[in-house]
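One structure is given below, encoded as structure tokens.
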Amino acid sequence: ETGVTQTPRHLVMGMTNKKSLKCEQHLGHNAMYWYKQSAKKPLELMFVYNFKEQTENNSVPSRFSPECPNSSHLFLHLHTLQPEDSALYLCASSPGIAYNEQFFGPGTRLTVL
Amino acid sequence: GQQVMQIPQYQHVQEGEDFTTYCNSSTTLSNIQWYKQRPGGHPVFLIQLVKSGEVKKQKRLTFQFGEAKKNSSLHITATQTTDVGTYFCAGHISNDYKLSFGAGTTVTVRA
């Protein structure tokens, strides 16, 4: 499946580093999402963008900063992360934000040392 | 707190046997979606149910949405090794566009 791509697939960073995760969808969707997936926990919704506008910031710490330059691209900028931020970060897209199935990218496996 | 609960958390199944995993919500859902995540993979959409009491089948998988639209089930018959993975249910709480995910049921299969 190549509908939603994410880079990098794996990332190891120190707590003082700055890095960015990239997501691109080729499905013509209008809504894009960032989720955090930690072991044995439900998927945690972080951010939602609809038509490039942020509609949800689910109490995410400011060390995570999203950017959505257009409906096809979504970034997650990372700065001064903590070891507990280590997780799989999944990007998803959907045609709209209401009651649509979501298409997930392969994820970025992030390890914070 | 978590609004969508899934049980069991783990399901160990003998190949060829049937099993059911359950999804329960504390509030009424507008719809229920099921996703499957293979080991090392990402969630992949399986199906969506919208109507009260709705039942849908995909080959050996049967999905059901409860009459009160607060619970759902996934029943797999004649389990195969290809069924290995984590099955997530997710639903939209009424009047909320955000999708609430359960913690998933992780299925392993004994050959």
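Protein chains in written order, with this note's numbering: chain A, 1 to 113; chain B, 1001 to 1111. Beta carbons: idealized from backbone N, C-alpha and C, even for Gly.
Cα-Cα separation, residue i to residue j
i	j	result
N17 (chain A)	A39 (chain A)	24 Å
E53 (chain A)	N100 (chain A)	18 Å
P1039 (chain B)	S1052 (chain B)	32 Å
V1013 (chain B)	S71 (chain A)	42 Å
V1109 (chain B)	T1082 (chain B)	9 Å
V1030 (chain B)	E56 (chain A)	Before going on, a small fix: residue 1030 (chain B) reads as Ser here, not Val. Those two C-alpha atoms are separated by around 19 Å.
F51 (chain A)	A31 (chain A)	6 Å
G1041 (chain B)	P106 (chain A)	6 Å
A1090 (chain B)	V12 (chain A)	30 Å
T2 (chain A)	Y35 (chain A)	19 Å
I1076 (chain B)	Q1037 (chain B)	15 Å
Q1080 (chain B)	G1016 (chain B)	6 Å
Q1064 (chain B)	I1093 (chain B)	17 Å
L110 (chain A)	G28 (chain A)	27 Å
Within chain B, partners of residue i - CB distance below 9 Å
i	result
Q102 (chain A)	Q1033, Y1035, P1043, F1045, A1090 and L1099
Helix, strand or coil at residue i [DSSP, three-state]
i	result
P66 (chain A)	strand
E53 (chain A)	strand
E1017 (chain B)	coil
T1081 (chain B)	helix
E84 (chain A)	helix
G1115 (chain B)	Here chain B covers residues 1001 to 1111 and nothing more, so residue 1115 (chain B) does not appear.
R109 (chain A)	strand
M15 (chain A)	coil
Cross-chain neighbours of residue i in chain B, by beta carbon under 7 Å
i	result
P106 (chain A)	H1042
Beta-carbon neighbours of residue i, restricted to chain E and to distances below 9 Å
i	result
L45 (chain A)	Considering every chain present, this structure includes no chain E. Its protein chains are A and B.
Delimiting residues of the beta strand (DSSP E) encompassing residue i
i	result
K36 (chain A)	A31 to Q37
H77 (chain A)	H73 to H79
E24 (chain A)	K18 to Q25
Proximal residues of chain A, C-beta to C-beta of residue i below 9 Å
i	result
Q1048 (chain B)	Y99, N100 and E101
Chain-ordered neighbours of residue i on chain A, where CB pairs are closer than 7 Å
i	result
G1026 (chain B)	Note on identity: in this sequence residue 1026 (chain B) is Ser, with Gly being the wrong assignment. None at all; the shortest Cβ gap to chain A is about 14 Å.
Proximal chain A residues relative to residue i, where beta-carbon distance stays under 8 Å
i	result
S1030 (chain B)	Y99
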